[in-house]
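See structure below.
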Amino acid sequence: MQATMPPPKSRLASRESGGVGAAMVGVEDFIKKQWPSLKARVADLENKKRLLEDELQQIEKELGTARQEFAAIDSAARTLQTNLTLGFDLVSPANTTFEKEYKFGDVSIKQAIRLALDHFAEGLSSRDLYMAINRRYFESKLKRESFSPQLSRLMQDREVEQADKGWVLTPVGKKTMRWHTVLPYRNEPDTNEPPSA
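Following my numbering, the numbering of the sequence shown begins with 154 at its first residue and continues without gaps.
Given below as C-alpha cells:
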C-alpha cells in the first residue's frame, strides 16, 4: 500500500508551527534567565529609595530645627544690632563692636587696616585682616593685590608690625588713625591709594 503524502499546505503549516515552538522556547529561556536578576535589582533599588527617603526625612527634620534656632538668634542679633559682617573665622573681643557700617570707597585701604587692627588689638593674620576690611569697608570688592602693598607701606612707616598672633597696630599707627586726614579709597589702576592716606 502506498503512503499518502499530506497536501503542500499541511506540510507548510507543520513547519511553521515547529518554528514558532522553537522561538517560544528561546523566549521562555531568556525570561527565565533575566527574571531573577531584574527582580532582585528592582527590590534593591526600592530598598535604597526607602533608605534615602528615611534619610531625607531626618535631614528635613534637622533642617527645620536649625532654621528655628537660626531665626531666633538672628532676631536677637538684629534686636541688639550686633555686627555680623566679619564672618565666622574672626572673633571680636568682648564688649567691643564696630560703631558704623561703611560703603565701598568711604575709607582708604590703609585707614581700614588701622581701624581693623585697632579693633582687634590682639592681632590678625594677613588673611583675616584682608577678610575683615574687605567685608566691612569694601563690600567684598577689594582685590588682594590692592591690599598687600598698602599693608607693606604701613609696615615701612612703622604703623603696623608683626607679633605672635599676627599684625598689630603700633602707637604710631594709632596716632595716625586718630589725627591724620583720611583720604577715600580710589579704585583706579596703579593709583588705588596715595602713599599718604
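Just so it is clear, CB atoms sit at the ideal spot from N, CA and C, and this is done for glycine as well.
Note that the coordinates shown come from a computational prediction; the quantities given were computed from them, not determined experimentally.
Requested in this report: Report yes if the C-beta distance between Asp281 and Gly319 is below 9 Å; otherwise report no.
Outcome: Yes, these two residues count as a Cβ contact at 9 Å.
Requested in this report: Quick one: which unbroken beta strand (DSSP E) runs of 3-plus residues sit fully inside the stretch 295-323? Chain order, please.
Outcome: Runs found: 313-316, 319-322.
Query raised in the report: Rounded to whole angstroms, how far is the Cβ of Val325 from the Cβ of Tyr290, which I believe are closer than 8 Å?
Result: Contact between Val325 and Tyr290 does not hold, since the beta-carbon distance rounds to 21 Å and is not under 8 Å.
Query raised in the report: According to the neighbour-count rule (16 or more other Cβ atoms, all chains shown, within 10 Å of its Cβ), is Lys263 buried or exposed?
Result: If you draw a 10 Å sphere on the C-beta of Lys263, you find 16 or more other C-beta atoms in it, and that means buried.
Query raised in the report: Cβ of Gln315 within 9 Å of Cβ of Ile266?
Result: For Gln315 and Ile266, no; Cβs fall outside 9 Å.
Query raised in the report: What residue from Phe300, Val321, Gln309 has the CA that sits closest to Gly276's CA?
Result: The option with the nearest alpha carbon to Gly276 is Val321.
Report task. Under 6 Å Cβ to Cβ from Ala274, same chain only, skipping five residues before and after it: list those, please. Result -> Within the same chain, Ala274 has no close Cβ partners at all.
Query raised in the report: Considering only C-alpha positions, which residue in the set Met284, Asp207, Trp332, Arg306 is nearest to Arg297?
Result: Comparing Cα positions, the closest option is Met284.
Query raised in the report: Starting from Ala269 and walking both ways along the alpha helix (DSSP H), at which residues does that stretch end?
Result: Segment 262-272, the alpha helix (DSSP H) holding Ala269.
**Report entry** Residues near Leu307 in its chain [Cβ-Cβ closer than 8 Å; skip 5 each side]
**Finding:** Excluding positions up to five away in sequence, the list reads Lys263, Ile266, Arg267, Val313, Gly326.
Query raised in the report: Is the closest heavy atom of the ligand SAH to the C-beta of Val180 under 8 Å?
Result: No copy of the ligand SAH appears in this structure; indeed no ligand is present at all.
Query raised in the report: To the nearest angstrom, how far is it from the Cα of Lys328 to the Cα of Asn287?
Result: A direct Cα-to-Cα measurement between Lys328 and Asn287 gives close to 23 Å.
Requested in this report: May I have the straight-line CA-CA distance separating Arg331 from Gln221, to the nearest angstrom?
Outcome: Distance between the alpha carbons of Arg331 and Gln221: 43 Å.
Query raised in the report: Does the distance from the C-beta atom of Ser279 to that of Ser301 stay below 9 Å?
Result: Yes; because the gap between Cβ atoms is below 9 Å, this pair is in contact.
**Report entry** Terminal residues of the alpha helix (DSSP H) in which Ser278 lies
**Finding:** Counting along the chain, Ser278 falls outside any alpha helix (DSSP H), and DSSP gives it neither H nor E.
Requested in this report: Give me the Cα-Cα distance between Ser190 and Glu199, rounded to the nearest whole angstrom.
Outcome: Just so you know, the alpha carbons of Ser190 and Glu199 end up roughly 14 Å apart.
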